[in-house]
Amino acid sequence: ISTTMKLAVFASLIAGSSAFAPAQVGRASTSVQAFENEIGVLPPTGFFDPAGLSDGISQEKFDSYRLAELKHGRAAMLAVLGYVAPETYRFGYDLILGEL
């Protein structure tokens, strides 16, 4: 076996063994503590805002962001329904004459 192949196998073994190394235990601290008591905050992660979009905003702005998120989520669910429903259900008549 060539030296390059031995080096590639050795590097693969080292990279694979790092997957079994113990993980660091600790909670990442965020600068956002104002919204820790909001609905949807779960114990394992707490308030999840990795991009920091809620840093330094007021409660009213946070509520408007939350409302926009709900509206967009509902619109996305209806869009999926509008995509799937025509594929699974067919009308018993032609919607456009001569085409079906």
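Going by my numbering, the sequence shown wraps up at 81, each residue one higher than the last. Cβ coordinates follow ideal geometry from the N, Cα and C atoms, glycine included. Remember, predicted model here, so these are calculated numbers, not experimental data.
Am I right that residue i and residue j are in contact with their C-beta atoms under 8 Å? What's the rounded C-beta distance?
{"i": "Glu90", "j": "Gly27", "result": "In the structure as shown, the chain starts at -18 and stops at 81, and residue 90 therefore has no counterpart that could be examined."}
Could you pull the DSSP bridge partners for residue i from this structure?
{"i": "Gly27", "result": "Leu23"}
Mind checking which residues open and close the alpha helix (DSSP H) that includes residue i?
{"i": "Phe16", "result": "Careful: Phe16 lies outside any alpha helix (DSSP H) and carries neither H nor E."}
{"i": "Arg47", "result": "40 to 69"}
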